[in-house]
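Visitor: Chains as they are written, first to last, in our numbering: chain C, 100 to 388; chain X, 1494 to 2130. Glycine is no exception: its CB is placed at the ideal position from the N, C-alpha and C atoms. Just dropping this structure here.
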């Protein structure tokens, strides 16, 4: 069944893109406990900005660099002037970030007109590959490679160097962290900036595959939420597993029964949540939480 | 007696005035609401109608956010289930309007019932995330399912109103107003019912409610479903009014709009969400037509400004302002009250229950204690508890007979509080068995253990800070003695005179009755400790765990606490963790010495007092330190 195999490989590629997008979201959630509801807005901004950069000058690589740095800078500023006021208070964080979401999405619409646009596949990646007798677009293979490299890099960064554990410990016990000289504001700012960098990267890489259209910000936010909730809240490994799973399901769902593609997401999410409220690889909850 | 009469006197002088103000405000609001159709231009009529519809949505959400402490971002799901339910049933199935509307409300309620099963198990960040995720997936399903729901274009209802009479916008407005009034009054009754107080308790300190015998899950679940019903009602009205069910009904934007209304008005106030709905709806329809392109940006700025500058809402802000303008009333200052406090310090029972002068124990044991249950009160078999690699309890084997009083001593970090957490169910043991009055409760929830007769205090006081002293007591009573009222939604708490009477009795015992209308966060630390004990005694437990009852108290307060302990009823089994050894030795007949998670000694106080290992632990190695330690004890005596 080469056709199904192709769908699965395409699904893995889509899952790879989802992972690149979800990793930033998941990190922000797991480490500084921020639900970034402006995630979709960041995505839509980077798609249109990336297309402009890629066509005007700089090409694909330029788009990646500009997108990543732009969102990273925005994230740092937002953390500094807004989120920092509400550390560990989810409700005001979510409300104010939703305001940011509205502003960004409308600004993008006013600047770029809100027409559906897809970035041209970069020439170097526009060919195809043969995998087990199935033709796979090179760009999709490239996405898979990037996601795999990113997963390893993040794993090294978070698990090996334990910088993530250090940050999380600082968030958990601010007073201790302060007393041993850790600047939490700065640490959170850097971290949220880093998650912005990842989202910007995801947006630039997603521009040739998904592109931008009316309502895409909600779709990306929804898919990311499902990935994170399914994989386990605040778990990078969970986000990886969840991304691949949802990527394949989503791709097959939209290919064979486009109308019901969201039901394909809904069922596993409800199932996992009823068995494990914190997701597949999320840590278990104590009574106090 | 005069001491107790004074506080109600103060309150009585204050209450009618506030009620008068509120009544006047309510009457004015009703007059304005009724007058809208023939005084304001039709443009404003549509804003008013929509404001009422969103008011219903916000009132429902407020029950969750303001009273239960669950910040839900999934309300759009139930709103949308209502609107699409009405649309699909009337258009596709050709059902008549009224049965279709009833079925649509049932559909929204069912949606909340299903989602609630999952979501309500979570809290805070996790609850927010899961509600928004579930709502978004439902939005996506609707958005993509074109053949059934109309997809992005929505579903035209071909009219959509119940009958010809309703097509006059003024008539539909009155219809909406009637539904709104019914929902608002219904919600008001829920809030002032025992169930409403229970929810506020859960909002403040869920753990405390669990240890007082509440299965908090079912309470939160019921609140979630009620909020879902309100959202579905708003959804059908919205679809009927606009003649269309559209994906925006289900979108995250709708959930956020509802949340903004509640926050802007003031979560946890009755008028707040209504005010928020009116303000946001009016702004939306004024500004979005004036500056079409810039409205989303303006709204985004409103979100940010409200979160930063009005986190408690307009109504609470006005309330604070009104409180500042009112003459200062300080409950703890008047002279008679100071006398009461002084009296309570000297002899709590005498000051508190004048007339018969019964000790606390006599009053508390008046009702049936579980003390007569056969067999031991508590058995711990091989109980271990580890946090990761850290072994806090190594292997605890211990039996406590009914009626026994056992002290637990040990250095900081010996595992005393963890042992209490494991016994009361706040922590699950890593291994071992816990048997309470013959029932294996190793895996039972704290509330189940409470119902078997277990009650406890916490080392760090765990009270309901934003409830008054009396309300704290009533939460404790509604979890136990008056359990039958706790899900009572239709009768105001204040109509249950027996709860109030019992609360008064108990508060008099601990000398806190004069402070009954004071919010607990304003109470002095000593009084908080006393209330902590009173809450634990309210369920009339058979086994009481006291975790450092004298921690942080002054000498005078310690003396009073000792008298309170001494007056506990005879049949009550008590486990007490305490650092003041003289308090322990005076109160208990058996002492367990805990060291590094292990019971290193178990015997009567006299043995423990003379034991070298214990002296070593407490006073350092060598006999030289011993007299100094005893001197400390003597001084404290």
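For residue 1801/X, report the span of its alpha helix (DSSP H) as first-last.
Guide: Residues 1788-1802.
Visitor: Out of curiosity, what's the CA-to-CA distance linking residue 1784/X and residue 279/C?
Guide: If I take the Cα positions, the gap works out to 52 Å.
Visitor: Within 10 angstroms of the Cβ of residue 1909/X, are there 16 or more other Cβ atoms? Answer buried if so, exposed if not.
Guide: Under this definition residue 1909/X is a buried residue.
Visitor: For residue 2091/X, does the three-state DSSP call read helix, strand or coil?
Guide: If DSSP states are grouped into helix, strand and coil, residue 2091/X belongs with the strands.
Visitor: By the DSSP assignment, the beta strand (DSSP E) with residue 1880/X in it spans what residues?
Guide: Looking at the DSSP string, the run of the beta strand (DSSP E) that includes residue 1880/X is 1871-1880.
Visitor: Determine whether the beta carbon atoms of residue 1552/X and residue 1676/X lie at a separation below 8 Å.
Guide: Yes; because the gap between Cβ atoms is below 8 Å, this pair is in contact.
Visitor: By how many angstroms is the C-alpha of residue 1875/X removed from the C-alpha of residue 139/C?
Guide: Roughly 52 Å separates the two Cα atoms.
Visitor: What residues in its chain sit with their C-beta under 7 Å from that of residue 1593/X, if we drop five residues either side in the sequence?
Guide: Same-chain partners within the cutoff: 1579, 1582 and 1583.
Visitor: Label residue 234/C either buried or exposed according to how many other C-beta atoms from any shown protein chain fall within 10 Å of its C-beta, with 16 as the threshold for buried.
Guide: Exposed, by the Cβ-count rule.
Visitor: So what does DSSP say about residue 2012/X, is it helix, strand or coil?
Guide: In the structure shown, residue 2012/X sits in a strand (DSSP, three-state: E or B).
Visitor: Identify, in the order they occur along the chain, each residue of the same chain with its Cβ nearer than 8 Å to the Cβ of residue 348/C, setting aside the five sequence neighbours on each side.
Guide: 110, 363, 364 and 367, listed in sequence order.
Visitor: According to DSSP, simplified to helix, strand and coil, what is residue 2065/X?
Guide: Coil at residue 2065/X, not helix or strand.
Visitor: Starting from residue 222/C, follow the beta strand (DSSP E) in both directions and report where the run begins and ends.
Guide: Premise fails: residue 222/C is in no beta strand (DSSP E) and is neither H nor E.
Visitor: Between which two residues does the beta strand (DSSP E) holding residue 236/C run?
Guide: Run containing residue 236/C: 233-236, per the beta strand (DSSP E) assignment.
Visitor: Consider the Cβ of residue 1752/X: report whether some Cβ of chain C lies at a distance smaller than 8 Å.
Guide: Chain C, which has a Cβ nearer than 8 Å to the Cβ of residue 1752/X, makes this yes.
Visitor: Determine the DSSP secondary structure at residue 1961/X, reduced to helix, strand or coil.
Guide: Here residue 1961/X sits in strand by DSSP.
Visitor: From which residue to which residue does the alpha helix (DSSP H) around residue 1639/X run?
Guide: Residue 1639/X -> alpha helix (DSSP H) spans 1639-1642.
Visitor: Leaving out five residues before and five after residue 335/C in sequence, what residues of the same chain have Cβ atoms less than 8 Å from its Cβ?
Guide: If we look at residue 335/C and ignore the five residues flanking it on each side, its Cβ neighbours are 122, 125, 126, 129, 250, 253, 254 and 257.
Visitor: At a CB distance below 9 Å, what residues from the stretch 1902-1918 of chain X approach chain C? Give them in sequence order.
Guide: Per Cβ criterion, the list reads 1918.
Visitor: Counting only C-beta atoms, is residue 2099/X closer than 8 Å to chain C at any point?
Guide: By this cut-off, residue 2099/X is not an interface position.
Visitor: Identify every residue that forms a DSSP beta bridge with residue 1891/X.
Guide: Answer is 1873/X, bridged to residue 1891/X.
Visitor: Give me the subset of the stretch 1535-1569 of chain X whose CB atoms are less than 9 Å from a CB atom of chain C, sorted by chain position.
Guide: The residues in question are 1558, 1564 and 1566.
Visitor: In whole angstroms, give me the CA-to-CA distance for residue 203/C and residue 340/C.
Guide: When rounded, the distance between both Cα atoms is 30 Å.
Visitor: Check this for me: beta carbons of residue 358/C and residue 1639/X, under 8 Å apart or not?
Guide: It is a contact, given that the beta carbons lie within the stated cut-off.
Visitor: Using a Cβ-Cβ cut-off of 8 Å, state whether residue 367/C counts as contacting chain X.
Guide: No - not a single Cβ of chain X is within 8 Å of the one on residue 367/C.
Visitor: When we look at the beta-carbon of residue 1516/X and count the other beta-carbons within 10 Å, is it buried (16 or more) or exposed?
Guide: That one is exposed.
Visitor: Less than 8 Å separating the beta-carbons of residue 338/C and residue 327/C?
Guide: Closer than 8 Å, so yes.
Visitor: For residue 2033/X, which option in 2102/X, 2061/X and 1641/X has the closest C-alpha, if you only look at C-alpha atoms?
Guide: For the residues 2102/X, 2061/X and 1641/X, the minimum Cα distance to residue 2033/X belongs to 2061/X.
Visitor: Please list the terminal residues of the continuous alpha helix (DSSP H) segment that includes residue 2109/X.
Guide: 2105-2112 is the extent of the alpha helix (DSSP H) around residue 2109/X.
Visitor: Whole alpha helix (DSSP H) runs in the stretch 259-342 of chain C with 4 or more residues, listed along the chain?
Guide: Those alpha helix (DSSP H) runs which fall completely within the stretch 259-342 of chain C and span 4+ residues are 262-271, 273-278, 283-305 and 315-330.
Visitor: Take residue 1576/X and list the residues in its own chain whose beta-carbon comes closer than 7 Å to its own, dropping the five residues that flank it on each side.
Guide: 1728, 1729, 1731, 1732, 1738 and 1742.
Visitor: Please state whether DSSP places residue 1946/X in a helix, a strand or coil.
Guide: Residue 1946/X: coil per DSSP, three-state reduction.
Visitor: Helix, strand or coil: how does DSSP classify residue 2085/X here?
Guide: In this structure, residue 2085/X counts as strand in the three-state DSSP scheme.
Visitor: From the DSSP output, in three-state form, read off residue 1822/X for me.
Guide: Note on residue 1822/X: pLDDT 49, under 50, position unreliable in the model; no value is reported.
Visitor: What residues in its chain sit with their C-beta under 8 Å from that of residue 1907/X, if we drop five residues either side in the sequence?
Guide: Cβ neighbours of residue 1907/X beyond the five flanking positions: 2087, 2088, 2089 and 2090.
Visitor: Can you tell me the Cα-Cα spacing of residue 2133/X and residue 1928/X, whole angstroms?
Guide: The requested residue 2133/X does not occur in the structure, where chain X is confined to residues 1494 to 2130.
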